[in-house]
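Chemist: Per our numbering, the sequence shown starts with residue 2, numbered consecutively. Note that beta-carbon positions come from the ideal geometry of N, C-alpha and C, so glycine has one too.
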Amino acid sequence: MADEVDIQQYVNRRIKRYIIDNPEYKPCLKRYSNNPLTEALYSVISKSENNHDFSKEDLFKALAKLPYHQDRDNNNFINLDQYTHKQQSLLSMGLMDCCLPDSDLWFEIWNEVTDILMDTYVFRNPLSAENVRHLTKLCPKNKKDKDELKDRTEYLFTPRDSCSTCTKTSVLIGCTGVGKTFIVESILSLIPNVICHRKYKGQPLRLTQIPWTKIDSLPSGSEKGCCLQYLATLDYLLGNKGKDCYFKASSYNKSIDVLQLEMAIATTLHNVGMLVIDDSENILNNKEHQRLTAFLSALVNCVGLSVWYLGTTKMWLLFTSEKTKDFSAIRRIATGFYHEITRCKPEDQFWKKLVKLFWINLMANNKIDLDDSDEADDESKSYYKQIYDYTQGIPAILASFMHRCNRYLVNNQIDEINDQVLEYVYKFKMTIIHEGIEALRGTGPNAFEDLDSIRELIEEDQREAAQYQETFDSSDTEDAACSHSKTEDASKVETTVSPEDVSDELKKLRELMTSNLQNNE
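1) Below 9 Å between beta carbons: does that hold for ASN35 and LEU128?
2) Alpha helix (DSSP H) containing LYS386: first to last residue?
3) Would you report the Cα separation of GLY240 and THR432, rounded to the nearest angstrom?
4) Taking MET275 and SER252 to be in contact with their CB atoms under 8 Å, please state how far apart those CB atoms are, rounded to whole angstroms.
5) Looking at the structure shown, is PRO212 part of a helix, part of a strand, or coil, going by DSSP?
6) Tell me, which residues are paired with MET275 by DSSP?
7) What's the gap between the Cα of PRO205 and the Cα of ILE257?
8) Using a Cβ distance threshold of 8 Å, determine whether the region 357 to 373 contacts the region 415 to 422, with at least three qualifying pairs required.
9) So what's ASN362 in DSSP terms, helix, strand or just coil?
10) When you compare each of PHE402, ASN407, ILE266, GLY437 to ARG134 by their alpha carbons, which one comes out closest?
11) Residues in the same chain with beta-carbon distance under 8 Å from ILE216, minus the five sequence neighbours each way, listed in chain order, please.
12) Cutting at 8 Å between CB atoms, please list the residues of its own chain near LEU363, excluding the five before and the five after it.
13) Reducing DSSP to helix, strand and coil, say where LEU106 ends up.
14) For ARG199, report the span of its beta strand (DSSP E) as first-last.
15) Using the beta-carbon count (16 or more within 10 Å), is GLN210 buried or exposed?
16) Within 10 angstroms of the Cβ of ILE16, are there 16 or more other Cβ atoms? Answer buried if so, exposed if not.
17) At a Cβ threshold of 9 Å, is LYS87 touching chain C?
18) Cα-Cα, which of CYS29, PHE78, LEU81, GLU263 is closest to LYS225?
19) Can you tell me where the alpha helix (DSSP H) with GLY437 in it begins and where it stops?
20) From which residue to which residue does the alpha helix (DSSP H) around GLY180 run?
21) Using only CA atoms, which one of ILE46, TYR19, ARG207, ILE20 lies nearest to PRO28?
22) Going by DSSP, what residue range makes up the beta strand (DSSP E) through LEU319?
23) Between the beta-carbon of VAL1 and the beta-carbon of ALA397, is there less than 9 Å?
24) Would you mind sorting PRO68 into buried or exposed? The rule is 16 or more other CB atoms within 10 Å of its CB.
25) Just to confirm the assignment, what range does the alpha helix (DSSP H) spanning VAL301 have?
26) Tell me the rounded alpha-carbon separation between PHE429 and PHE248.
27) If we ignore side chains and look at the alpha-carbon of each, how far apart do LYS382 and GLU113 end up?
28) Note down the Cα distance separating ARG207 from PRO347, rounded to an integer number of angstroms.
29) Assuming LYS354 and ASP373 make a contact with CB atoms under 8 Å, what is their CB distance in whole Å?
30) Give the range of the beta strand (DSSP E) segment to which THR234 is assigned.
31) Expressed to the nearest angstrom, what Euclidean distance is found between the alpha-carbon atoms of TRP1 and CYS345?
32) Under the three-state reduction of DSSP, which class applies to ARG207: helix, strand or coil?
33) Going by Cα to Cα distance, which pick from THR177, TYR19, CYS167 is closest to GLY399?
34) Relative to the C-alpha of ASN221, which candidate in VAL356, LYS288, TYR425, CYS303 has its C-alpha closest?
35) How is the alpha helix (DSSP H) around TYR425 delimited, first residue to last?
36) Indicate the three-state DSSP secondary structure (helix, strand or coil) for THR170 in the structure shown.
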């Protein structure tokens, strides 16, 4: 009991468990067939109400929600006049609790994520003999044996060709407030993070699949903190208690090498598909950040775990010659997808719809009907221009600004929203962000690294890149030779084993790991 620890304080509280028990198996292309991990995942990501491929409309319908949605009737109508002043005050707090997906952008990210997840599991088929051998090789017999620890560490950092051809490293980047975390967590909420397999093709198959997990990089960018968060999150998703936990109070005293081995073992044992690292720019605060990124690359190349970096534009420095002298770490970013989310422009239709959504739900009866069409009247254009000037196309600032307007209206029992109210709220209720807004307007100095334009950072990096060109060319030659070798290996027919044999192997490994943990304690 003394070794128990509350893992909730180390887990992202926004992440909810979405568990599928005894999933349906739906074959897809031959590349993904005869693999319970890919067939179970495909049955989820391809499901829609009309029995067709998951579409933009399905994504929008699944995620969209209106402000005050908990108190609306079945027709999504809400009568504000029926509430007392205090009830309206409380209700106004729900203005920001809404979701308006940008269908094109969100669906593109959905496709990228689900495709990468499917491909991640191609060479991690639990029915393959090679996968069972890898699982056995990775599991240590005695964690206190220094020689064995050294061997396992060496094995961990030895790339596997099968992983390199399928697992990916991806990046989602953008200035603060554009909605990176909100978009990613909303999309991931549609994908189960725990799938419990029971039977496959009539034979028992007892294993757990964790398609994705997400952690937030600590402000210090700590390598050990990354490991502890990951293990705590796995315990949360798996519902581990007591001695079954990977993360215990004694974990603080373990070396980074031991924790990294435990991460690799747990990732393989529970078939983790993708690790999402939010606030990745914090890694730069760690003086040993190259060691951490090298370890994450090893998880991709050796264990078969896809990694997705999320961060502000400051994170770009993590992949530049200024901070990284190993081009291979930068090159791997191209294996997944790269997407830069920029702030909205005044003429963007999505921006106009988002402004209109908040405007309609402001708790004032006297307000104009904003016209978001290109033929809008001058009054509508004036309001759009004023709101954009105060928020600079950043959705998070827009939501905060509209929330402050809503609170001002309710607290002062004002029933009209006009340009004077907007000006007052910005001037006196949003003072703390004025410096940032002026920087975004270009009328003031930019003292914030996370507001830098990614284009400016790229141009700065290109000026420094010339001295490393020779090294880059050498790396490309080696990669070409390596790619040829991988192509030959991929063409080989892999030996398979029965689901029952895999279940027995996994059971033995679990018993072995539990025994080792108890002995070491």
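Modeler: In short, the structure shows the following:
1) yes
2) 379 to 392
3) 44 Å
4) Not a contact, Cβ separation roughly 23 Å.
5) strand
6) TRP213, SER307
7) 37 Å
8) yes
9) coil
10) ILE266
11) ASN13, CYS227, GLN230, TYR231, THR234, LEU276, VAL277, ILE278, ASP279
12) LEU96, MET403, CYS406, ASN407, LEU410, ILE418
13) helix
14) 195 to 201
15) buried
16) buried
17) Looking at the structure shown, chain C is missing, and only one protein chain is on hand.
18) GLU263
19) 435 to 442
20) Segment: none, GLY180 is in no alpha helix (DSSP H) and carries neither H nor E.
21) ILE46
22) That residue, LEU319, is in no beta strand (DSSP E); it is neither H nor E in DSSP.
23) Absent from the structure is residue 1, since the part of the chain shown begins at 2 and ends at 522.
24) buried
25) Segment: none, VAL301 is in no alpha helix (DSSP H) and carries neither H nor E.
26) 47 Å
27) 36 Å
28) 53 Å
29) 6 Å
30) THR234 -> not in any beta strand (DSSP E); alpha helix (DSSP H) instead, spanning 224 to 239.
31) Because the chain in this structure spans residues 2 to 522, residue 1 falls outside the shown range and cannot be described.
32) strand
33) According to the sequence provided, residue 399 is Leu. The question's Gly does not apply to it. Nearest of THR177, TYR19, CYS167 to LEU399, Cα basis: THR177.
34) The question names Asn, but residue 221 in the sequence shown is Ser. Comparing Cα positions, the closest option is LYS288.
35) 420 to 430
36) strand
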